[in-house]
Amino acid sequence: MKISPAIKFLIVVFIMVATSLYAQEDTEKIPDGFVNVKTIIPKLKLDLRYYGSNNFVGEPIDGYEKPTCILTKEAAEALKKVQEEFERLGFGLLVYDAYRPQRAVNEFVKWAKDSTNTRMKEQFYPNVAKKDLFTKGYIASKSGHSRGSTIDVTIVSLRTGHILDLGGPYDFFDKRSWVSFKNITKNQRAIRLMLQRRMVKHGFKPYDKEWWHFTLAKEPYPDTYFDFPVK
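Mapped onto this note's numbering, the consecutive letters of the sequence shown carry residue numbers 2 to 232.
Right under this line is the structure:
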């Protein structure tokens with residue numbers, strides 16, 4: 002059967018479109034060694050702050066194209082053990098940030114150097130001058146998040162879905178966020194310790210200035226800072 006020129010043209014167009022879609026899908030795949038954590042921990046709660054505007058910059062951050070929680074396989078498997086232990090107690094984890102592209106860190110650095118933009122100061126850093134965020138260790142030009150095995154988490158009640166009170170909000174640049182901060186209630190302190198102990202038990206190291214921040218002690222890429230987008 003003879004195929005008309007019009008049909009041949011449509012076939013060529015179809016092949017070109019299909020090839021383009023396949024290439025696009027391929028580029029959006031998570032690199033080897035990384036996983037979408039929700040595929041491993043389905044009950045994990047997410048509030049990925051840098052995908053939206055509820056963060057210290059006040060706008061979505063470069064590199065966060067989708068609200069996806071990405072970690073190295075090793076970090077995700079360790080986090081799964083923490084989640085399973087909390088679930089037996091009626092709690093679960095909520096993630097604020099996980100893998101963070103280097104381009105996002107670069108945006109933080111650029112923002113920190115802009116002394117004119119302080120619209121989120123009252124909410125996130127009321128007691129620290131913006132120019133001091135680097136020297137006080139709240140912002141750096143390189144972040145462990147970009148190595149893929151660092152995560153920011155808190156605890157939620159599985160019964161109510163409410164976030165537990167740990168004595169200070171996420172990304173609050175102040176001594177109140179320090180793990181060693183004493184001027185909180187006994188209950189807030191106990192909840193912080195509950196999070197710290199279980200994360201450490203399953204292989205994570207805490208950061209002394211941020212109660213929510215943990216890095217896998219045996220991270221697979223300790224010297225590599227990735228920049229693929231969060232998709």
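We treat Cβ as the ideally placed atom computed from N, Cα and C, and that holds for glycine. In this text the structure is predicted, and so the values were computed from the model without any measurement.
So which of Tyr222, Asp172 and Asn184 has the shortest CA-CA distance to Tyr51?
For the residues Tyr222, Asp172 and Asn184, the minimum Cα distance to Tyr51 belongs to Asp172.
Inspect the beta-carbon positions of Ser144 and Val106 and report whether they are closer than 7 Å.
Yes, these two residues count as a Cβ contact at 7 Å.
Using alpha carbons as the reference points, say which of Phe174, Glu78, Tyr226 and Tyr222 lies closest to His214.
Selected option, being the one with the closest Cα: Phe174.
Cα-Cα separation between Val231 and Leu90, rounded to whole angstroms
In a straight line, the C-alpha of Val231 is about 31 Å away from that of Leu90.
Length of the line joining the Cα atoms of Glu60 and Val110
Roughly 15 Å separates the two Cα atoms.
Identify every residue that forms a DSSP beta bridge with Val201.
Looking at the DSSP output, Val201 shares a beta bridge with no other residue.
If you draw a straight line from the alpha carbon of Lys39 to that of Tyr100, how long is it in whole angstroms?
Lys39 and Tyr100: Cα-Cα distance of roughly 13 Å.
Excluding five sequence neighbours on each side, which residues of the same chain lie with their C-beta closer than 7 Å to the C-beta of Trp112?
Answer for Trp112: Val58 and Asn118, listed in chain order.
Going by beta-carbon coordinates alone, are Gly64 and Pro102 separated by less than 7 Å?
Between Gly64 and Pro102, the C-beta spacing is below 7 Å.
Between which two residues does the beta strand (DSSP E) containing Phe229 stretch?
Counting along the chain, Phe229 falls outside any beta strand (DSSP E), and DSSP gives it neither H nor E.
With H, G and I counted as helix, E and B as strand and the rest as coil, what does DSSP make of Trp212?
In the structure shown, Trp212 sits in a strand (DSSP, three-state: E or B).
Would you call the stretch 195 to 212 and the stretch 140 to 159 in contact, with 3 or more CB pairs under 8 Å?
Yes, since at least three Cβ pairs between the stretch 195 to 212 and the stretch 140 to 159 fall closer than 8 Å, the two stretches touch.
Return the Cβ separation of Lys210 and Ser178 in integer angstroms, given the expectation that the two are a contact with Cβ distance under 8 Å.
At roughly 6 Å, the Cβ-Cβ gap stays under 8 Å, so Lys210 and Ser178 are in contact.
Which value, in whole angstroms, describes the spacing of the CA atoms of Arg120 and Met195?
Distance between the alpha carbons of Arg120 and Met195: 34 Å.
Roughly how many whole angstroms lie between the Cα atoms of Tyr139 and Ile42?
The alpha-carbon atoms of Tyr139 and Ile42 are separated by roughly 29 Å.
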